[in-house]
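S.K.:
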Amino acid sequence: MDTLHNVFVFLHLVGFAALFGGAFVQMKSQERIVNPAMFHGALTQLVTGIALVVINELGPDPVNHMKIGIKLLVLIVIMVLVILNRKKSHVPDGAFWSIFGLTLANAAIAVFW
62 MDTLHNVFVF
72 LHLVGFAALF
82 GGAFVQMKSQ
92 ERIVNPAMFH
102 GALTQLVTGI
112 ALVVINELGP
122 DPVNHMKIGI
132 KLLVLIVIMV
142 LVILNRKKSH
152 VPDGAFWSIF
162 GLTLANAAIA
172 VFW
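Count the sequence shown with the numbering used here and you get residues 62 to 174, in order.
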């Protein structure tokens, strides 16, 4: 079970790297878009996050449901912003910086809580 957990943690980090990296490379750009890395990174985080919760629920240790709920809520907001702006030729600055900031906030919640 530990190996399966570690595989999903690794994939969860890959999803974060894709989402964050996809946004990071566009910080100086004048015309920002939601690139495929951001979309697929957000989806990867959602799927692997749910898998990690299921794996942790099956284990002996208690799961912090408040933390999981907040992280899920933040990720849902990120997903909505990514999906709504995915087909646009230009993402508004507010939406882009919200995606970027919420992605960092979600990582901070994971690390510091």
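Beta carbons: idealized from backbone N, C-alpha and C, even for Gly.
Put Lys132 into one of helix, strand or coil per three-state DSSP.
M.R.: The answer is helix: DSSP assigns Lys132 an H, G or I state.
S.K.: Are Leu107 and Met140 close, meaning C-beta to C-beta below 8 angstroms?
M.R.: In this structure, Met140 lies closer than 8 angstroms to Leu107 by Cβ.
S.K.: For the segment 76-90 against the segment 113-127, do three or more pairs of beta-carbon atoms, one drawn from each stretch, fall closer than 8 angstroms, so that the two count as touching?
M.R.: With the cut-off at 8 angstroms, the segment 76-90 and the segment 113-127 do not touch.
S.K.: DSSP on Met127, reduced to helix/strand/coil?
M.R.: DSSP places Met127 in helix when its eight states are reduced to three.
S.K.: For Met140, which three-state DSSP category applies?
M.R.: It is helical.
S.K.: Can you tell me where the alpha helix (DSSP H) with Asn167 in it begins and where it stops?
M.R.: Unbroken alpha helix (DSSP H) run through Asn167: Asp154 to Phe173.
S.K.: So Lys132 and Gly155 are supposed to be a Cβ contact under 8 angstroms. How far apart are they, rounded?
M.R.: Rounded, the Cβ-Cβ distance is 22 angstroms, inconsistent with contact.
S.K.: I need the straight-line Cα distance from Val95 to Val172, nearest angstrom please.
M.R.: Approximately 26 angstroms between the Cα atoms of the pair.
S.K.: Determine whether the Cβ of Phe85 lies closer than 8 angstroms to any Cβ atom of chain D.
M.R.: No chain D is present in this structure, which holds just one protein chain.
S.K.: So, under 8 angstroms CB-CB, Ile116 and Val143 are touching, yes? Tell me the CB distance rounded to an integer number of Å.
M.R.: Rounded, the Cβ-Cβ distance is 25 angstroms, inconsistent with contact.
S.K.: Report the residue from Val70, Ala103, Leu72 and Met62 whose alpha carbon sits nearest the alpha carbon of Leu165.
M.R.: Checking every option, the nearest Cα to that of Leu165 belongs to Ala103.
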